[in-house]
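A.B. asks:
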Amino acid sequence: LIDAKDRHLAESRKSVSSGLSVIWNRWNNVSLALRTLIGCVVGIGIGVLVQTFSNPNDDVVSAIGFIGELYIRALKLLVIPYIALSMLITPSHVGDVAAMKKVGRYVVGYYALTTFLGVAEGIIWVNAFQLSSRSISNEPEIGDDFDSTGETTITQAILNIGRAAIDENLFAAFSEANILGIIVFSLWMGFLLMKRQIVSQSTRNLLKMMSDLNETLMEMIESVIDVTPIAVCSLLAGQLSSESVSLSLLEGLGYYIAALLTALSIHLLVVYGAILFIVARQNPFSVFARLTDPIATAFATSSSAATIPVNIKTAVEKNNVSKEVAAFVIPLGATINMDAASMKYTIAVIFLAGLAGDNMNFGRQIITGLIAAFVSMGTSPLPNAGIVFLVLVMNAVNVPVTGYVVVILTIEWLSDRLETVINCVGDAVGAIVVDHLVKQNLNKQEKFSEGFSSDFSERTRRFSS
């Protein structure tokens with residue numbers, strides 16, 4: 009009888025375990041975006057229920073949000089070594105730029121221009137929406153390491169960027185999360201390693217080892233990102249357990265969405281449209297209509313990397329871009345052309361700082377925008393990687409990474425897709441513009457050569473006669 013009970017108990021446990029395994033596998037097969045949305049809904053429900061039926065103290069709120077806190081701590085732990093290694097190995101992977109100097113110059117110029125225009129737009133629109141919704145506090149700013157005694161002038165802001173770029177202590181740069189200093193140091197060393205790898209096998213081995221470490225860090229970050237739905241649920245439930253915070257979150261979320269959508273729309277229609285019309289001499293709306301396939305792929309996959317093949321095919325077949333230019337510009341753009349990301353980071357960090365009571369002055373906003381621009385160029389083209397770099401920018405400009413980041417996480421599943429669309433359209437526009445400039449330059453050279461040749465022949469004929 010006892011053996012029968014034990015067997016029945018074992019079978020019951022096995023059945024429960026099997027059922028949980030099936031549920032877990034089905035849960036993992038659901039897209040991360042949908043899981044995150046479900047996490048948002050569940051977190052809101054838990055937070056509202058806790059607030060409605062109990063009066064939670066600080067310990068209860070902290071316990072509810074504990075998983076979310078660990079999630080943020082894990083991101084902060086991994087992003088700095090990841091960005092350092094990424095910047096170290098990046099120069100060794102861009103040998104094509106050296107081989108295509110002229111094309112490379114056009115590409116870098118285009119991507120730099122659109123990225124910094126995106127940052128400027130972000131600063132403009134976040135200020136417009138903040139100023140229309142709340143008054144600016146005169147209280148001292150939180151965590152301002154650059155000038156805590158008053159307003160930072162533009163001159164001081166520029167000088168502080170230089171000081172941050174050249175840190176006097178590398179270990180201090182890592183411990184204090186001086187991202188700009190880490191990027192400059194890593195790129196500096198990376199370019200020297202790129203030169204040495206040509207003649208040194210040991211340097212090539214070192215770069216291979218660092219590349220493997222970087223891929224391992226990326227896998228660790230991806231494992232953290234997989235926990236995003238549970239972390240969002242925890243953060244939302246913890247924050248919404250406090251009524252005073254929930255109102256701020258809802259208000260902040262509305263203004264954030266409005267500012268971000270406005271900035272993305274203006275960048276797409278005005279900036280890209282003007283570049284196509286002025287530089288490439290093409291009707292921007294006709295070009296956008298021919299980009300429906302990459303736009304649909306970008307929105308569906310939320311990945312610039314996954315959109316590369318479709319983007320190249322469309323550029324060559326529908327926009328008459330040469331295969332060589334498309335194959336060079338678009339993959340490079342998927343790595344460094346992150347206009348929408350630079351806008352999002354700028355808007356999100358300044359807005360989250362304001363939500364936490366830290367009203368950034370204009371000097372700190374410029375610094376935030378510039379760091380966002382540099383960081384966005386190192387953003388992974390994989391889906392849902394944006395939150396990692398958002399935390400990185402917040403650390404870099406001394407904005408505390410608290411539960412307020414849940415404002416961004418609640419719509420990250422949608423904003424990440426919209427940003428990917430903008431970035432992929434930017435890659436396509438870049439290919440069209442660069443192809444036009446290259447062909448224009450070749451035509452000028454051919455005309456010059458023909459003119460020089462005919463002039464030389466005429467001079468030779470006259471001399472001979």
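Under my numbering, the residues of the sequence shown are numbered 9 to 473, in order. Even for Gly, the Cβ is constructed at its ideal location relative to N, Cα and C.
Cα-Cα, which of Ser242, Asp347, Ser219 and Thr236 is closest to Ser273?
C.D. replies: Locating residue 273 in the sequence shown gives position 265, counting from the first residue. Looking at the Cα atoms, Asp347 is the closest of the given residues.
A.B. asks: According to the neighbour-count rule (16 or more other Cβ atoms, all chains shown, within 10 Å of its Cβ), is Val433 buried or exposed?
C.D. replies: Translated into the one-based positions of the sequence shown, residue 433 becomes position 425. The residue is buried, with at least 16 neighbouring Cβ atoms inside 10 Å.
A.B. asks: Please report the straight-line C-alpha distance between Pro339 and Thr300, rounded to a whole angstrom.
C.D. replies: Indexing the sequence shown from 1 puts residue 339 at position 331. Indexing the sequence shown from 1 puts residue 300 at position 292. Approximately 19 Å, taken between the alpha carbons.
A.B. asks: Under a three-way DSSP split, which group does Ile283 fall into?
C.D. replies: Position 275 of the sequence shown, counted from the first residue, corresponds to residue 283. Looking at Ile283 - three-state DSSP - the assignment turns out to be helix.
A.B. asks: Put Ile174 into one of helix, strand or coil per three-state DSSP.
C.D. replies: Within the sequence shown, the letter at position 166 stands for residue 174. DSSP places Ile174 outside both helix and strand once states are collapsed to three, so it counts as coil.
A.B. asks: I'd like to know if the region 314-325 and the region 358-372 are in contact, where contact means that at least 3 CB-CB pairs between them fall below 8 Å.
C.D. replies: no
A.B. asks: With a 10 Å radius around its C-beta and 16 neighbouring C-beta atoms as the bar for buried, classify Leu45 as buried or exposed.
C.D. replies: Start at 1 with the first residue of the sequence shown, and residue 45 comes out as number 37. Leu45 comes out buried.
A.B. asks: Would you give the residue range spanned by the alpha helix (DSSP H) that Leu299 belongs to?
C.D. replies: To locate residue 299, count along the sequence shown from 1; it is residue 291. It is not in any alpha helix (DSSP H) - Leu299 carries neither H nor E in the DSSP assignment.
A.B. asks: Report the rounded CA-to-CA distance for Phe293 versus Pro302, giving the unit in angstroms.
C.D. replies: As a first step, residue 293 must be located in the sequence shown, where it is residue number 285. As a first step, residue 302 must be located in the sequence shown, where it is residue number 294. Near 15 Å, if we compare the C-alpha coordinates of Pro302 and Phe293.
A.B. asks: With H, G and I counted as helix, E and B as strand and the rest as coil, what does DSSP make of Ile75?
C.D. replies: On the sequence shown, position 67 is the one that residue 75 refers to. Look at Ile75 here: in three-state DSSP terms it is helix.
A.B. asks: Does DSSP put Ser23 in a helix, a strand or coil?
C.D. replies: Working through the sequence shown from its first residue, we reach residue 23 at position 15. Looking at Ser23 - three-state DSSP - the assignment turns out to be helix.
A.B. asks: Identify which residue in Ala180, Leu215 and Glu176 has its Cα closest to the Cα of Phe199.
C.D. replies: For the purposes of this step, residue 199 is taken as residue 191 along the sequence shown, with counting starting at 1. Comparing Cα positions, the closest option is Leu215.
A.B. asks: Within 10 angstroms of the Cβ of Trp35, are there 16 or more other Cβ atoms? Answer buried if so, exposed if not.
C.D. replies: Numbered from 1 along the sequence shown, position 27 holds the residue referred to as residue 35. Per the 10 Å Cβ criterion, exposed.
A.B. asks: In three-state terms, what does DSSP make of Gly365?
C.D. replies: Position 357 of the sequence shown, counted from the start, is the residue given in the question as residue 365. Gly365: coil per DSSP, three-state reduction.
A.B. asks: Who are the Cβ neighbours of Gly117 in its own chain at under 6 Å, not counting the five residues just before and after it?
C.D. replies: The residue you call residue 117 lines up with position 109 of the sequence shown. The beta carbon of Gly117 sits closer than 6 Å to none of the beta carbons in its chain outside the five residues before and after it.
A.B. asks: So Val134 and Val414 are in contact, right, with Cβ under 8 Å, and what is the actual spacing, rounded?
C.D. replies: Taking the first residue of the sequence shown as position 1, residue 134 is located at position 126. Taking the first residue of the sequence shown as position 1, residue 414 is located at position 406. The Cβ separation is near 19 Å, so there is no contact.
A.B. asks: Mind checking which residues open and close the alpha helix (DSSP H) that includes Thr418?
C.D. replies: The residue you call residue 418 lines up with position 410 of the sequence shown. Note, Thr418: premise wrong, no alpha helix (DSSP H); not H, not E.
A.B. asks: Give the straight-line distance between the Cα atoms of Ile395 and Glu176, rounded to the nearest whole angstrom.
C.D. replies: One-based indexing of the sequence shown puts residue 395 at position 387. One-based indexing of the sequence shown puts residue 176 at position 168. Straight-line Cα distance between these residues: approximately 29 Å.
A.B. asks: Helix, strand or coil for Val115? Go by DSSP, reduced to three states.
C.D. replies: Position 107 of the sequence shown holds residue 115. Reduced to three states, the DSSP call for Val115 is helix.
A.B. asks: Excluding the 5 residues preceding and the 5 following Thr270 in the sequence, name in chain order all residues of the same chain whose CB lies nearer than 7 Å to its CB.
C.D. replies: Counting from 1 along the sequence shown, the entry for residue 270 is found at position 262. Contacts found: Trp133.
A.B. asks: In angstroms, rounded to a whole number, what distance separates the CA positions of Asn222 and Phe137?
C.D. replies: Taking the first residue of the sequence shown as 1, we reach residue 222 at position 214. Taking the first residue of the sequence shown as 1, we reach residue 137 at position 129. About 39 Å.
A.B. asks: Identify whether Gly341 lies in helix, strand or coil by the three-state DSSP scheme.
C.D. replies: Here residue 341 corresponds to residue number 333 of the sequence shown, with the count starting at 1. In the structure shown, Gly341 sits in a helix (DSSP, three-state: H, G or I).
A.B. asks: Please classify Asn146 as buried or exposed, where buried requires at least 16 other C-beta atoms within 10 Å of its C-beta.
C.D. replies: Numbered from its first residue, the sequence shown carries residue 146 at position 138. Residue confidence for Asn146 is low, a pLDDT of 38 falling below 50, so the modelled location carries little weight; the figure read from the coordinates is stated next. With fewer than 16 Cβ atoms within 10 Å of its Cβ, Asn146 is classed as exposed.
A.B. asks: Report all residues from its chain with a CB closer than 6 Å to the CB of Val279; omit the five preceding and five following residues, and keep chain order.
C.D. replies: On the sequence shown, position 271 is the one that residue 279 refers to. Hits under 6 Å: Leu125.
A.B. asks: Tell me whether Asn327 sits in a helix, a strand or coil according to DSSP, three-state version.
C.D. replies: Position 319 of the sequence shown, counted from the first residue, corresponds to residue 327. In the three-state scheme derived from DSSP, where H, G and I count as helix and E and B as strand, Asn327 is classed as coil.
A.B. asks: From the beta carbon of Val111, is the nearest beta carbon of chain C less than 7 Å away?
C.D. replies: The structure shown contains no chain C, having only a single protein chain.
A.B. asks: Span of the alpha helix (DSSP H) holding Met346?
C.D. replies: Within the sequence shown, the letter at position 338 stands for residue 346. Segment: none, Met346 is in no alpha helix (DSSP H) and carries neither H nor E.
A.B. asks: Less than 7 Å between the beta carbons of Val401 and Ile430, yes or no?
C.D. replies: Within the sequence shown, the letter at position 393 stands for residue 401. Within the sequence shown, the letter at position 422 stands for residue 430. Their beta carbons are not under 7 Å apart, which means Val401 does not touch Ile430 by this criterion.
A.B. asks: Can you tell me the Cβ-Cβ gap for Glu427 and Ala349, rounded? I've got them flagged as a contact below 8 Å.
C.D. replies: Stepping through the sequence shown from its first residue, residue 427 is reached at position 419. Stepping through the sequence shown from its first residue, residue 349 is reached at position 341. Indeed they touch by this definition, with Cβ atoms about 6 Å apart.
A.B. asks: Are at least three pairs of beta-carbons, each pair with one atom in the region 83-102 and one in the region 279-290, less than 8 Å apart?
C.D. replies: Flag = no, the region 83-102 and the region 279-290 do not touch.
A.B. asks: Roughly how many whole angstroms lie between the Cα atoms of Ile355 and Ser312?
C.D. replies: Taking the sequence shown and counting its residues from 1, the one referred to as residue 355 is at position 347. Taking the sequence shown and counting its residues from 1, the one referred to as residue 312 is at position 304. Approximately 21 Å between the Cα atoms of the pair.
A.B. asks: Go through its chain and collect everything with a Cβ distance to Ala107's Cβ below 8 Å, but skip five positions before and after it.
C.D. replies: Sequence index remark: in the sequence shown, residue 107 carries index 99 (1-based). Confidence at Ala107 is low in this model, with a pLDDT of 46, below 50, so its placement is unreliable and the value that follows should be read with caution. Answer for Ala107: no residue qualifies.
A.B. asks: Find the nearest neighbour of Phe359 within the set Val442, Ala267 and Val329, judged by alpha-carbon distance.
C.D. replies: The residue you call residue 359 lines up with position 351 of the sequence shown. Comparing Cα positions, the closest option is Ala267.
A.B. asks: Would you mind reading off the limits of the alpha helix (DSSP H) that contains Leu215?
C.D. replies: Sequence index remark: in the sequence shown, residue 215 carries index 207 (1-based). Segment Gln209 to Ile233, the alpha helix (DSSP H) holding Leu215.
A.B. asks: Which residues in the same chain have their Cβ closer than 6 Å to the Cβ of Leu261, if we skip the five residues on either side of it in sequence?
C.D. replies: Taking the first residue of the sequence shown as 1, we reach residue 261 at position 253. Hits under 6 Å: Val415.
A.B. asks: With a 10 Å radius around its C-beta and 16 neighbouring C-beta atoms as the bar for buried, classify Ile174 as buried or exposed.
C.D. replies: Walking along the sequence shown from the start, residue 174 turns up at place 166. With fewer than 16 Cβ atoms within 10 Å of its Cβ, Ile174 is classed as exposed.
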